[in-house]
C-alpha cells in the first residue's frame, strides 16, 4: 500500500504542472488568445519550425554518417574518434553559442585571422556571414546535438549481422548502395529515436536561440513571463509548445512503427570493418574530425584559453565558488530525490505486478518529454497557491505570517529538476531490474522477505551500477539545465548556468569562461559511461 501511495503521489506531482498550465491559460483574459494568435505565435511557430527542420537534417546527416564510418570502416584514428564523436554531449547548447559568439565576432580571432590572410585591415572592409541568424543557430545546434543520433545508430550498426551486408555485396551492390539499401533501412528506428531526442533538446534550448536572435517558442515563453509579467500568456504559449513536444514524440513513434526486424536466434556474426587506405582513409578521418572540432574542440578550446587568462590575472573569484556550491547543492538534492523516487516507481511493476502500476510508472516519467521552461511556468500557479494556503493556516492558527516555502525558494528548483529528469533514473532502474532473474525475487519471498526487503537485499545489490549511472546522468543534466533555473531560482541566488547567461546577456563573454568550462568539465563525466553501455559486447 505504501509503495503504491508513493508512486501515485510521484505521478501526481509530475502531472500537476501540466494541469496547472491548462487552468492558467483558461483563466486568462478574453483577449489573450487573439493577441497570441495575431502577434506572438505566428513568428514563434515559423522560427521554431524552421529551426527544428534544419537541426533535424543536420543531426541525421552528421550523426548517421559518422556512425556508419566508424562502424563499417577501419582507418587511422578510428578508435579515438569512436568516443571523441560523443564529446559534444558535454557542451550545452547555450555554452556552444556563448563560445562561438566571441570566436566569430567581427573583431574576434577567427574573422581577424581571415581578414589578415586576405589583406583587409578593418571589419567593414570584409563583411562575413553573421552567426546571429537562423542558419547560424541551426548549424550550431546541429553540431552540438548530433551525438543523440550518433549514439543509438552506431550501436545498431555494430549489432547488424554480417550476413545481410555480405548478401548485398554478393548481389553487386557497392558501398553506397549497401549503406542506402541495407544498413540505412535497418537503422531507421535508431535514427528516429535519436533525432526526436535532439529535436526535444533544441526545443528546450533558450540560451543559444536568444543569444543568436532566433525567437523560438521557448524564448517567447520566457520573455512573456519575465519581461511582461504575463503568466497567462506564458501558460498559453507553453501549452502550444507542449503540443509540439507531444507531436514530435508521436512522429517518432510512428516512424518506428512496423520497423522491427527479426534476426537469427543465435548471436549474429558481426560485420567486419573494411580497411581504408590512402585518400579514402584521409577522407573518412577528415569527415569525422569536422563534427568533433566544431562541436567540442573549438568551443572547449576557447573556454580553456579564456578561463586560463581569467584565472591568471584575477584568480578564482568568491562569486564563482559560491555559484558552484549552489549548483552542486541543488543538483545533488535533486539527484538524491530523483534516484530514490525513480527506484520506487520502477520497482513497483517488477515486485508487485499489476498493469496499473506500470501506468503509474509511465505517468511518473512523463516529465522528460516536457521542456524546462514549460515545467517552470506550470509550477508557478500550484506553488503560489500552496504558499498562500500555508500562510493562511499559519495566520489562522498562530497569527504569524509564514514566509514562502515553495515559490522563490530552492525547493521549487529541486522540484522542477526532479520532475524533468525522473524518467532518467526510473529508466535506468527499470533496465537494471529487468536483468535480475525473477527466480531470485521468488526465492526472497519464499524466505519471508517482503517487497521492500527483496528490493534492498536482492535486487539493489545487483542493479546498483544502473542506478548510479542514472544518478550521474541526472546530476549532469541538473548542472546544465538553464530554462527552469532561470525562471525558478531563488532571488539573488546564482548557479553556474545563470551566471553564464548573465555574462552573455551583458556581452562580457570572457568573464563567464570559468563557469562555462566548469559546466563542460562536469558534462564530460557521463561520456565514457554512455560509450561503454552503448557498445555491444562481442
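In UniProt numbering, the protein residues as written are 1 to 538.
Ideal Cβ positions, reconstructed from N, Cα and C, are used throughout, including at glycine.
Please classify residue 120: does DSSP put it in a helix, a strand, or coil? Here residue 120 is taken as the residue at index 120 of the chain shown, counted from 1. In the structure shown, residue 120 sits in coil (DSSP, three-state: anything other than H, G, I, E or B).
Starting from residue 309, follow its DSSP beta bridges and name the residues at the other end. Indexing the chain shown from 1 puts residue 309 at position 309. In DSSP, residue 309 forms no bridge with anything.
Just the C-alpha distance for residue 70 and residue 150, rounded to the nearest angstrom, thanks. On the chain shown, residue 70 is found 70 positions in, with the first residue counted as 1. On the chain shown, residue 150 is found 150 positions in, with the first residue counted as 1. Straight-line Cα distance between these residues: approximately 10 Å.
Residue from 102, 43, 482 and 399 with nearest C-alpha to residue 375: As a first step, residue 375 must be located in the chain shown, where it is residue number 375. With distances taken between Cα atoms, residue 375 lies closest to 482.
Within the same chain, show all residues whose beta-carbon is closer than 7 Å to that of residue 346, passing over the 5 residues directly before and after it, in chain order. Here residue 346 corresponds to residue number 346 of the chain shown, with the count starting at 1. Once the five neighbours on either side are set aside, the close Cβ partners of residue 346 are 361, 426, 429, 430 and 433.
Whole angstroms is fine: what's the gap from residue 379's alpha carbon to residue 335's? Indexing the chain shown from 1 puts residue 379 at position 379. Indexing the chain shown from 1 puts residue 335 at position 335. If I take the Cα positions, the gap works out to 19 Å.
Answer yes or no: does any C-beta atom of chain B fall closer than 9 Å to that of residue 252? Going by chain labels, chain B is absent from the structure shown, which holds only one protein chain.
Which two residues bound the contiguous alpha helix (DSSP H) that contains residue 150? Along the chain shown, read from residue 1 onward, the residue named residue 150 stands at position 150. Note, residue 150: alpha helix (DSSP H), 147–159.
CB-CB under 7 Å to residue 498, same chain, minus the five flanking residues each way: which ones, in chain order? The residue you call residue 498 lines up with position 498 of the chain shown. Cβ neighbours of residue 498 beyond the five flanking positions: 485, 486 and 489.
Do you know how far the Cα of residue 232 is from the Cα of residue 308? Taking the chain shown and counting its residues from 1, one reaches residue 308 at position 308. Taking the chain shown and counting its residues from 1, one reaches residue 232 at position 232. C-alpha separation (whole angstroms): 45 Å.
I'd like to check one pair, residue 58 with residue 128: are the Cβ atoms closer than 9 Å? On the chain shown, position 128 is the one that residue 128 refers to. On the chain shown, position 58 is the one that residue 58 refers to. In this structure, residue 58 does not lie closer than 9 Å to residue 128 by Cβ.
Roughly how many angstroms lie between the CA atoms of residue 190 and residue 40, to the nearest whole one? Counted from its first residue, the chain shown places residue 190 at position 190. Counted from its first residue, the chain shown places residue 40 at position 40. Taking the straight line joining both Cα atoms gives about 35 Å.
Is the separation between the beta-carbon of residue 55 and that of residue 217 shorter than 9 Å? For this step, residue 55 is matched to residue 55 along the chain shown. For this step, residue 217 is matched to residue 217 along the chain shown. Not closer than 9 Å, so no.
Counting beta carbon pairs with one atom in the segment 362–371 and one in the segment 9–21, are three or more of them shorter than 8 Å? yes
Figure out for me which residue from 82, 465, 303 and 188 has the closest Cα to the Cα of residue 291. Here the question's residue 291 lines up with position 291 in the chain shown. Ranking 82, 465, 303 and 188 by Cα distance to residue 291 puts 82 first.
Which same chain residues, not among the five before or five after residue 274, have their C-beta less than 6 Å away from its C-beta? Position 274 of the chain shown, counted from the first residue, corresponds to residue 274. Taken in chain order, the residues that qualify are 73.
Which runs of the alpha helix (DSSP H) fall wholly inside the segment 362–391 and span at least 4 residues, in chain order? none
Just verifying my parser: in three-state terms, what is the DSSP assignment at residue 275? Looking up residue 275 in the chain shown gives position 275. Note: residue 275 maps to strand in three-state DSSP.
Would you give the residue range spanned by the alpha helix (DSSP H) that residue 59 belongs to? For the purposes of this step, residue 59 is identified with residue 59 of the chain shown, where counting begins at 1. Unbroken alpha helix (DSSP H) run through residue 59: 41–72.
Taking the alpha helix (DSSP H) that residue 510 falls in, what are its first and last residues? If you number the chain shown from 1, residue 510 lands on position 510. Run containing residue 510: none; DSSP gives neither H nor E here.
So the candidates are 4, 479, 526 and 510; which of them puts its Cα closest to the Cα of residue 325? Indexing the chain shown from 1 puts residue 325 at position 325. Nearest of 4, 479, 526 and 510 to residue 325, Cα basis: 479.
Is residue 133 helix, strand or coil when you go by DSSP? The count along the chain shown starts at 1 and reaches residue 133 at position 133. Looking at residue 133 - three-state DSSP - the assignment turns out to be coil, as it is neither helix nor strand.
Less than 8 Å between the CB atoms is what I'm expecting for residue 21 and residue 238, so what's the real figure, rounded? Counted from its first residue, the chain shown places residue 21 at position 21. Counted from its first residue, the chain shown places residue 238 at position 238. About 5 Å separates the two Cβ atoms, so the contact holds.
Could you check if residue 68 is buried or exposed, using at least 16 other CB atoms within 10 Å of its CB as the buried criterion? Numbered from its first residue, the chain shown carries residue 68 at position 68. Per the 10 Å Cβ criterion, buried.
Bounding residues of the alpha helix (DSSP H) (the contiguous stretch that carries residue 217): For the purposes of this step, residue 217 is taken as residue 217 along the chain shown, with counting starting at 1. Counting along the chain, the alpha helix (DSSP H) containing residue 217 begins and ends at 217–222.
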